[in-house]
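Q: Heads up, the final residue of the sequence shown is numbered 322 in our numbering, and it's a clean run with no missing numbers.
Just so it is clear, CB atoms sit at the ideal spot from N, CA and C, and this is done for glycine as well.
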Amino acid sequence: MNYTCYEDFNKLCQLIVEDLLENKIIGWFQGKSEFGPRALGNRSILANPIIKNNKDYINERVKHREGWRPYAPIMLEEYIHDWFDIPKNSSPYMLFNAQILPEKESRVPAVIHVDGSARIQTVTEELNKPIFQLLTEWNTKTNVPILLNTSFNVDGEPIIESPENALKTFMGTNIDTLVMGNYIITK
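Spelled out as structure tokens, the structure:
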């Protein structure tokens, strides 16, 4: 296992975006853990939503769960109406399903259900600065303000809570890179 600490979080985000562009799967461990069944950007597994096969790969090789189970898009809130038909202006807690706009569906196939819907989560800088910074850097490079997001756990296990849980899950799965605070950890 190798690790590097980055004082400049923007530099860390740039490196993680490069990993995502290389189709690497990212374990994301930041700040306080969420409470409940959904990953809201602090205990997440993240992947490139542009690659359709990422959904199947994560189900089979990382989460070890049924192939029909979908993944959610986490996105910059300011772009919600550019991508989804939704009457709300935000969805910070992944409570709403929305239809993707038809012209955008092929751009993020890994996060869209078979009926064209998605349970979206929107992010602002005020709500979650680290994931906002990563999404902003990702959008700058790809012109896609969305990442695939799922809870940082494997089937049958609770969402990780501690750094020890994060390292154990990282080492026991096909997650390529773990981001923990300002550290990037690789196998």
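Going by alpha carbons, who is nearest to A245 out of V258, L181 and D290?
A: Among V258, L181 and D290, the Cα nearest to that of A245 belongs to L181.
Q: Looking only at its own chain, which residues have a Cβ that is under 6 Å from the Cβ of R254, when we skip the five neighbours before and after it?
A: Closer than 6 Å at Cβ, skipping near neighbours: A207, M229 and N232.
Q: Using only CA atoms, which one of R200, V197, R196 and N317 lies nearest to P265?
A: Among R200, V197, R196 and N317, the Cα nearest to that of P265 is on N317.
Q: What is the C-beta distance between S179 and T285, in whole angstroms, given that I count them as a contact (C-beta under 8 Å)?
A: At roughly 7 Å, the Cβ-Cβ gap stays under 8 Å, so S179 and T285 are in contact.
Q: Please report the Cβ distance between N158 and N183, rounded to the nearest whole angstrom; I am assuming they are in contact, meaning their Cβ atoms lie under 8 Å.
A: Confirmed, about 6 Å.
Q: Can you check whether the CB of V289 is closer than 9 Å to the CB of I161?
A: No, Cβ-Cβ distance for I161 and V289 is not below 9 Å.
Q: Out of L175, I235 and Q149, which has the shortest C-alpha to C-alpha gap to N263?
A: Minimum Cα distance to N263 is reached at L175.
Q: Is it right to say S226 is buried, meaning 16 or more other beta carbons lie within 10 angstroms of its own, or is it exposed?
A: Classification of S226: buried, given that the 10 Å Cβ count is 16 or more.
Q: Just the Cα atoms here: how many angstroms apart are M136 and L156?
A: If you take the alpha carbons of M136 and L156, they lie about 22 Å apart.
Q: Starting from P208, trace the beta strand (DSSP E) both ways and give me its first and last residue.
A: Segment A207 to L211, the beta strand (DSSP E) holding P208.
Q: If you reduce the DSSP assignment to three classes, tell me which class I193 lands in.
A: Three-state DSSP puts I193 in a helix.
Q: Does the Cβ-Cβ distance between Q149 and E272 come in under 9 Å?
A: Contact flag set, yes.
Q: Please classify K198 as buried or exposed, where buried requires at least 16 other C-beta atoms within 10 Å of its C-beta.
A: Buried, by the Cβ-count rule.
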